[in-house]
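Quick notes on the structure that follows.
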Amino acid sequence: MPTTRETVLAALYARLQPLAALTLRDEVLPERIPAAGLIILRDGQPGEPEVTLSPLRYHYQHRAELEVVVQTGTGRASAFDDLIAAIGAALEADRTLGGLCDWVEPEAPASVDLPVEGAAALKTAVITVVLHYTTTGPLA
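Its first residue numbered -14, the sequence shown is counted upward by one per residue in this note's numbering.
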C-alpha cells in the first residue's frame, strides 16, 4: 500500500496529466522540448512536520517542485504564460486533490531565459507547490 506522501504526489501528477504540455515525474530534461511545453514534477521535501498528540498525527507542508520549460521560436513568453495559467487553473480546480490533501498551494514562479546554442532559447521556471497533508507516522 503506498504511503500518504506517494498517494498525494501521484494525485498531483495525475492532476497535471490533462494539460497540453508533456508531464513527467522525476525524469531528466529530454533533448527535445515538445511544442506545448514540458512539466517535470520533482518530489521535493516533506520538511519537518508539526506533531499533535492524542491521536498522534504528523502534519506536513511538503514542498514539491514543478520544472516548467517552453521552447518556441516566436511567442515564447506568451506560450510560457499560457502554460503557467493552465497549471494554476488545474490546481485551483481541486485544491484537495480529491480529498487526499488538506490544501494545495502553488507559489509564484520566477522565470529564466536560457540560451541554447543553435536552437531557440528555453524559458523555464520552478514552481514550488506546497502540499498540506496529515499522516499517522513519518513513514506512513
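Built from N, CA and C at the ideal position, the CB exists for glycine as well.
Using a Cβ-Cβ cutoff of less than 7 Å, which residues in the same chain neighbour R27 once the five nearest sequence positions on both sides are dropped? Closer than 7 Å at the Cβ level, and outside the excluded window around R27, lie D11, A49, E50, E52.
For a test of the three-state rule: what should DSSP assign to V54, helix, strand or coil? The answer is strand: DSSP assigns V54 an E or B state.
Helix, strand or coil at R42 [DSSP, three-state]: Judged by DSSP in its simplified three-state form, R42 adopts strand.
Just to confirm the assignment, what range does the alpha helix (DSSP H) spanning R(-10) have? From DSSP, the alpha helix (DSSP H) with R(-10) extends over -11 to 1.
Between D28 and chain C, is there a C-beta pair that is closer than 7 Å? The chain labelled as chain C is not found in the depicted structure, where only one protein chain is given.
Residue from G58, P91, R(-10), L4 whose Cα sits closest to the Cα of L107: The residue with the shortest Cα to Cα distance from L107 is G58.
How many angstroms separate the CA atom of T119 from the CA atom of S96? Rounded to whole angstroms, T119 to S96 spans 31 Å at the Cα level.
Opposing strand residues paired with A110 [DSSP bridges]: Within the DSSP bridge table, the entry for A110 names V53 as partners.
Compute the Euclidean distance between the alpha carbons of D87 and L1, then round it to the nearest angstrom. The straight-line gap from Cα to Cα measures roughly 18 Å.
Sheet register partners of P91 (DSSP bridge): DSSP lists V114 as the beta-bridge partner residues of P91.
Coarse secondary structure for L23, derived from DSSP in three states: Strand at L23.
Inter-stretch contact at 8 Å, needing at least 3 Cβ pairs: the stretch 54 to 74 / the stretch 17 to 27: Contact holds between the stretch 54 to 74 and the stretch 17 to 27, because three or more Cβ pairs, one in each stretch, are under 8 Å apart.
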